[in-house]
Structures are given as structure tokens and as C-alpha cells.
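Below: one structure, written as C-alpha cells.
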Amino acid sequence: GVLNSTTKVVIAAMHRGLTMQQGIEEAQQMGIAEADASYDIDGWDSAAKTAALANVLMDAQVTPESVDRRGIRDLTPEAVRALAERRKTVCLVSRAWQTECGIELKVAPEELADTELLATLQGTSNLLLLHTDLMGTVGTVSISPGVEQTAYGVFSDVVDIARSI
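Positions in the sequence shown are counted from 1; adding 1421 to them yields the working numbering.
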């Protein structure tokens, strides 16, 4: 899924020709990025969400450090615009899947065709896709979450963690 709004705003800004720093400032003005946005830019926020989802949905016993993580720090406006010329975009995508050896977790920028579902999200919206045995692929979308939803999400995560201790 695409689980981090800050990186979406930053990538959209770079698509418009702005720098990463200008994109971060835009996300900060919207109230969705911290003063130090490195937690988002380096993929730690997505890694934490990926680990939490894997623990709940896949009965994993993982931490954010377990996630093969690469953020968008090395992404450039030129690269984003070059992708756009080929009708592609880039998103910071979170993945978790079962293997014979256990659960694999990954957060990394991925090139996506503009028509792919993950690439069609607008603004700060996020999407979680779940591939199931019986129902196929199902998804949940958070449409343009703002500061309140982000704060509630953090609070909810803390409550869930406290309950599991």
C-alpha cells in the first residue's frame, strides 16, 4: 500500500518542478509533516506502519527494523519528471508477504504506471490493498487525511501497543 502522506505531497511537488525541500515545506504547511521530516522521507513512518499491519493482519512478530527500508531521499525532481514523460510516477510503497521462511517486509520507492491503482491516489490519500485467499484483493482508502486523522492514528497505535504489552 501507500501509507505515507508526506512522501506523496513531496513527490507531487517535485512533479511540479519544486525541490524536495520545497515539497517538505509544503507538507509542513499542510500540518502533515514534522519539523524534521526525515522519519517520513527515509521511510521509517511507512516501515512502522508496515510492521504494525503485519503484526495485526499476519500474526507476525516484527519491528520497523525488520523492514527492508529505502525512502525517497535520493529521488530528484528530474527523475520524477522523466517518469512522468513516460506516463509513470513513483510512490513510496509498503509491502508484506508470506514466504516459506516467514514474513518479508519492504518499503521502497516504486515506479508505477499512471494507471495503476496505487498511482492514482490524489493529495494526501492513502491506500492499503490486502490480497486474500477467498475474497481476492480488497482495499481501504483514507481519503485526504488531515491533521486530526493523523493524530488519531498515532493515538490509536499507542493504545493498541499498550494493550499488547
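Just so it is clear, CB atoms sit at the ideal spot from N, CA and C, and this is done for glycine as well. Source: prediction; values computed, not measured.
Start and end residues, alpha helix (DSSP H) containing residue i
i              : result
alanine 1529   : Careful: alanine 1529 lies outside any alpha helix (DSSP H), inside the beta strand (DSSP E) at 1523-1534.
threonine 1427 : 1426-1436
Close-in-space but distant-in-sequence residues of the same chain around residue i (CB under 7 Å, 5 per side omitted)
i             : result
tyrosine 1573 : With a pLDDT of only 45 at tyrosine 1573, under 50, the local geometry of the prediction cannot be trusted, and no value is derived from it.
Test item: CB-CB of residue i and residue j under 7 Å
i               : j               : result
threonine 1497  : leucine 1504    : no
methionine 1441 : valine 1430     : no
alanine 1468    : arginine 1490   : yes
glycine 1560    : leucine 1548    : yes
alanine 1481    : isoleucine 1524 : yes
leucine 1538    : lysine 1470     : no
leucine 1533    : serine 1487     : no
Extent of the continuous beta strand (DSSP E) run through residue i
i            : result
leucine 1549 : 1547-1553
Anticipated Cβ contact below 8 Å, residue i with residue j, distance rounded
i               : j            : result
methionine 1414 : valine 1501  : The chain is shown only over 1422 to 1586; residue 1414 falls outside these bounds and no answer can be derived.
valine 1528     : leucine 1513 : 7 Å
Proximal residues to residue i (C-beta, below 8 Å), its chain only, five neighbours per side dropped
i               : result
isoleucine 1586 : Confidence at isoleucine 1586 is low in this model, with a pLDDT of 48, below 50, so the placement of that residue should be treated as unreliable; the coordinate-derived value is given next. Nothing listed; no residue qualifies.
glutamine 1449  : Glu1455, Ala1456 and Ala1458
Cutoff 6 Å; reference residue i; Cβ partners in own chain excluding five residues on either side
i                  : result
threonine 1558     : Leu1550 and His1552
phenylalanine 1576 : At phenylalanine 1576 the pLDDT is 44, less than 50, meaning the model places this residue with poor confidence; the figure from the coordinates comes in the next sentence. Same-chain partners within the cutoff: there are none.
glycine 1492       : Ile1462, Asp1463 and Gly1464
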